[in-house]
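S.K.: Quick one: structure below, then a few questions.
In the numbering used here, the protein residues as written are 49 to 132.
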């Protein structure tokens with residue numbers, strides 16, 4: 049297991065907790081905060097995908113699976129309502 053896989057194993061739960069806290073804080077805020085939240089959550093899902101697909105030379109199966117999970121997981125988290 050490489051450093052990238054360890055990073056992804058920590059990135060998924062920590063990123064989810066951070067997005068959930070931020071979503072609860074922006075419940076009654078303006079549209080700019082919600083738009084920024086959406087952009088950040090999309091970036092959180094896309095950046096590991098871009099890294100694996102274009103930068104990382106040696107791809108492990110675990111790394112690719114974790115990136116796929118993150119890619120779809122942060123899309124699900126970002127689409128949740130700010131009321132929950």
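Where a beta carbon is used, it is the ideal one built from N, C-alpha and C, also for glycine.
Using the Cα positions of residue 115 and residue 61, report the straight-line distance between them to the nearest angstrom.
M.R.: Taking the first residue of the chain shown as 1, we reach residue 115 at position 67. Taking the first residue of the chain shown as 1, we reach residue 61 at position 13. Cα to Cα, residue 115 sits roughly 13 Å from residue 61.
S.K.: Given a cut-off of 8 Å on the beta-carbon distance, is the pair residue 119 and residue 93 in contact?
M.R.: Mapped onto the chain shown, residue 119 falls at position 71. Mapped onto the chain shown, residue 93 falls at position 45. It is a contact, given that the beta carbons lie within the stated cut-off.
S.K.: When we look at the beta-carbon of residue 50 and count the other beta-carbons within 10 Å, is it buried (16 or more) or exposed?
M.R.: Indexing the chain shown from 1 puts residue 50 at position 2. Exposed is the call here.
S.K.: Please classify residue 83: is it buried, with 16 or more other beta-carbons within 10 angstroms of its beta-carbon, or exposed?
M.R.: Within the chain shown, numbered from 1, the residue matching residue 83 stands at position 35. Burial call: exposed.
S.K.: Could you pull the start and end residues of the alpha helix (DSSP H) that residue 85 belongs to?
M.R.: As a first step, residue 85 is located in the chain shown; it is residue number 37 there, counting from the start. Start and end: 79–98.
S.K.: I believe residue 110 touches residue 53 by the beta-carbon criterion, under 8 Å. Please report the beta-carbon distance rounded to the nearest angstrom.
M.R.: Residue numbering aside, residue 110 sits at position 62 when the chain shown is read from its first letter. Residue numbering aside, residue 53 sits at position 5 when the chain shown is read from its first letter. Right, the Cβ-Cβ distance comes to about 5 Å (below 8 Å), so this counts as a contact.
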